[in-house]
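Engineer:
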Ligand code: ADP
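In this note's numbering, the protein residues as written are 92 to 300.
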């Protein structure tokens, strides 16, 4: 993001236009107690840098973006493929017991379940595993295929969409994690990554410095 250093006078002008715009150059000059001519270079800089908009017969209005839209612009600059991380994947016949072990070993909260060719079949979350664990069944006997959320109910995302699209899916479906998939044949989705709430928080931390 390009940083613009503003003079004290330019900052004052911005404040005036933000609170009182649209406002004429004469009016700004009189509020600052300077001549219109003295103001001209400042107004030119602010207009050219896109912070102010000058409209004939209307005056100056504030055109700078607020922090919210700057953050949205930042998020939109990245595709899912650029920020995805490595997914933890298990096979359908993996037992619930081994799935729990994998959760610890791989230090993740969600496992994606694939068939022998690596195509997505389902997803298992922490709570799916906890629910089974408190059910009193033999965890060494139950395959994850029995307890997973299965296709076609798995919410996925493709690598070429922007990060905001992925974030909206995570919120809309109230889930922690999305598999990033590539459709190799109709209905056959290869898992090539994941986008999680952690991915989004990491991006927020990065943009916040
Ligand atoms: P947790 O269960 O640990 O709170 P989630 O909120 O991600 O984790 O999962 C809630 C439910 O949604 C679980 O039953 C899980 O199987 C399911 N789920 C998780 N991720 C997805 C996904 N990408 N698509 C569809 N369902 C999912």
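C-beta: ideal position from N, C-alpha, C; glycine also.
Note that the structure is a prediction, hence the values are computed from the model and not measured.
#1: If I follow the unbroken beta strand (DSSP E) through residue 268, where does it start and stop?
#2: Suppose the cutoff is 6 Å on Cβ atoms and the five residues either side in sequence are ignored; what does the same chain contact list for residue 250 look like?
#3: Have a look at residue 138 and residue 117 and give me their C-alpha separation to the nearest angstrom.
#4: Threshold first: 4 residues or longer. Then list the alpha helix (DSSP H) segments lying entirely within the region 108 to 182, N to C.
#5: Measuring alpha carbon to alpha carbon, tell me which of 146, 169, 130 and 244 ends up nearest residue 286.
#6: For residue 223, report the span of its alpha helix (DSSP H) as first-last.
#7: On the three-state DSSP scale, how would you describe residue 252?
#8: Using the C-alpha atoms, what's the distance from residue 189 back to residue 268?
#9: Specify the secondary structure class of residue 205 as computed by DSSP and reduced to three states.
#10: Where residue 230 and residue 297 are concerned, what is the direct C-alpha to C-alpha distance, given to the nearest angstrom?
#11: Is the region 225 to 239 touching the region 190 to 207, taking contact as three or more C-beta pairs under 8 Å?
#12: From residue 186 to residue 167, what distance separates their C-alpha atoms?
#13: For residue 265, tell me which candidate among 252, 199 and 246 has the shortest Cα-Cα distance.
#14: Residue 242 and residue 280 - do their beta-carbons sit closer together than 9 Å?
Structural biologist: For this structure:
#1: 268 to 276
#2: 171, 172 and 271
#3: 16 Å
#4: 116 to 123, 127 to 139, 158 to 167 and 171 to 174
#5: Closest option to residue 286, Cα to Cα, is 169.
#6: 217 to 224
#7: coil
#8: 20 Å
#9: strand
#10: Spanning the two alpha carbons is a distance of roughly 40 Å.
#11: yes
#12: 39 Å
#13: 246
#14: Yes.
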